[in-house]
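J.: Structure in structure tokens, see below.
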Amino acid sequence: DQQVKQNSPSLSVQEGRISILNCDYTNSMFDYFLWYKKYPAEGPTFLISISSIKDKNEDGRFTVFLNKSAKHLSLHIVPSQPGDSAVYFCAASETGSARQLTFGSGTQLTVLP
Amino acid sequence: DTAVSQTPKYLVTQMGNDKSIKCEQNLGHDTMYWYKQDSKKFLKIMFSYNNKELIINETVPNRFSPKSPDKAHLNLHINSLELGDSAVYFCASSPPGRGHTGELFFGEGSRLTVL
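Going down the list, the protein sequences come from chains A and B.
Note that the working numbering has the first sequence beginning at -14, numbered continuously upward.
Note that the working numbering has the second sequence beginning at 129, numbered continuously upward.
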């Protein structure tokens, strides 16, 4: 039972354009959402997060949008750069879960020069 | 100066053997974790320790035994290895005061291949 789903295993975009990565969840108790970025042969690194009391959080070129009614979040990267090419994992947690994250399966983003 | 370091990075072994993966963090964090990334690429939590005490123990075979000698170390010992144990194992830590937010700092991963 995958509670966090990333239905697109891969995405290719041109340098300079917008990248939109999507994530859906099924557990309505999730109240905190995170995106991690992973390069080959490295561990995931934290990118950006959002609490369920917000619907948008922005950090430089990265913006995360949360639609609670649809149980959907997305990560926007604009403008996309070749160095953004990596696997992006969506993750979620709920209050009182002792920091237990539930991860999606990841989306491989390739930014073409 | 690696913040979360795991050894070994690669491990190839035969079925039935016993092996260990070590993890150390120099970030001063109080909570450490083991995650398993399976063939479908999902990262799933296995164990979590807070100040050397076990706080999360997901449904994993009891052939897997974590050991935390101090809050900077969390080792994973696996007995009687099976083919299905082949995966990448990630150690992670999180700083105090983060509540449930779950921002984790991961190691580079240890790729275990069981033949």
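Glycine included, each C-beta is placed from N, C-alpha and C at the ideal position.
Computed from a predicted model, the values in this text were never measured in an experiment.
Taking 8 angstroms as the CB-CB cut-off, is G45 (chain A) touching chain B?
T.: No, G45 (chain A) does not count as interfacial toward chain B.
J.: Do the CB positions of D146 (chain B) and N179 (chain B) come within less than 8 angstroms of each other?
T.: No, the Cβ-Cβ distance between D146 (chain B) and N179 (chain B) is not below 8 angstroms.
J.: In its own chain, which residues sit with a C-beta less than 7 angstroms from the C-beta of Q(-12) (chain A), not counting the 5 before and 5 after it?
T.: Taken in chain order, the residues that qualify are Y10, T11, N12 and T87.
J.: Decide if the stretch 13 to 25 of chain A is in contact with the stretch 60 to 74 of chain A; the criterion is three or more beta carbon pairs, one per stretch, under 8 angstroms apart.
T.: Because the criterion of three Cβ pairs below 8 angstroms is met, the stretch 13 to 25 of chain A and the stretch 60 to 74 of chain A touch.
J.: In the stretch 19 to 30 of chain A, which residues sit with their C-beta less than 9 angstroms from some C-beta in chain B, listed in chain order?
T.: Going along the stretch 19 to 30 of chain A in chain order, one finds L19, Y21, K23, A26, E27, G28, P29 and T30 with a Cβ nearer than 9 angstroms to chain B.
J.: Taking Cβ-Cβ distances shorter than 9 angstroms, what residues in chain A pair up with L240 (chain B)?
T.: Ordered by position in chain A, no residue passes the 9 angstroms Cβ test against L240 (chain B), which lies about 15 angstroms from the chain.
J.: Can you tell which of A:S78, A:S(-3), A:K41 and A:R2 has the C-alpha that lies nearest to the C-alpha of P64 (chain A)?
T.: Ranking the options by Cα distance to P64 (chain A), first place goes to A:R2.
J.: I'd like to know whether the C-beta of F234 (chain B) is nearer than 8 angstroms to at least one C-beta of chain A.
T.: Yes, because at least one Cβ of chain A sits closer than 8 angstroms to the Cβ of F234 (chain B).
J.: Just to confirm my understanding: we take S193 (chain B), look at its own chain, exclude 5 residues before and 5 after, and list those with CB closer than 6 angstroms. What are they?
T.: Same-chain partners within the cutoff: H205.
J.: Nearest chain A C-beta to K169 (chain B) closer than 8 angstroms, yes or no?
T.: Chain A contact via Cβ: present.
J.: For Q93 (chain A) versus E0 (chain A), is the C-beta spacing smaller than 8 angstroms?
T.: Their beta carbons are not under 8 angstroms apart, which means Q93 (chain A) does not touch E0 (chain A) by this criterion.
J.: Sort A:S90, A:S70 and A:D40 by Cα distance to V(-2) (chain A) and report the nearest one.
T.: Checking every option, the nearest Cα to that of V(-2) (chain A) belongs to A:S70.
J.: Using the three-state DSSP reduction, which class does L211 (chain B) fall into: helix, strand or coil?
T.: Of the three classes helix, strand and coil, the one that applies to L211 (chain B) here is helix, per DSSP.
J.: Check for me: the beta strand (DSSP E) holding V(-1) (chain A) runs from which residue to which?
T.: It should be pointed out that residue -1 (chain A) corresponds to Gln in this sequence rather than to Val. Here the beta strand (DSSP E) through Q(-1) (chain A) covers S(-5) to Q(-1).
J.: Label I38 (chain A) either buried or exposed according to how many other C-beta atoms from any shown protein chain fall within 10 Å of its C-beta, with 16 as the threshold for buried.
T.: Exposed, since its Cβ has fewer than 16 Cβ neighbours within 10 Å.
J.: Which residues in chain B have a C-beta closer than 8 angstroms to the C-beta of F50 (chain A)? List them in chain order.
T.: Those do not exist, as F50 (chain A) stays about 18 angstroms from chain B at its closest Cβ, beyond 8 angstroms.
J.: For the ligand FAD, any of its heavy atoms closer than 7 angstroms to the Cβ of S221 (chain B)?
T.: With respect to small molecules bound, the structure shown includes none, and the ligand FAD cannot be examined in it.
J.: Buried or exposed for K164 (chain B), going by 16 or more other Cβ atoms inside 10 Å?
T.: Its Cβ being crowded by 16 or more others within 10 Å, K164 (chain B) is buried.
J.: Against F218 (chain B), what residues of chain A qualify as contacts under a CB-to-CB distance less than 7 angstroms, listed in chain order?
T.: Residues of chain A passing the Cβ test: G28.
J.: Does S4 (chain A) get closer than 8 angstroms to chain B when you measure Cβ to Cβ?
T.: No, because no Cβ of chain B sits closer than 8 angstroms to the Cβ of S4 (chain A).
J.: G227 (chain B) to Y177 (chain B), Cα distance in whole Å?
T.: With a pLDDT of 48 at G227 (chain B), under the threshold of 50, the predicted position of this residue should be treated as unreliable, and no value is reported.
J.: Closest to L32 (chain A) by C-alpha separation, out of A:D44, A:L6 and A:I5, would be which residue?
T.: Comparing Cα positions, the closest option is A:D44.
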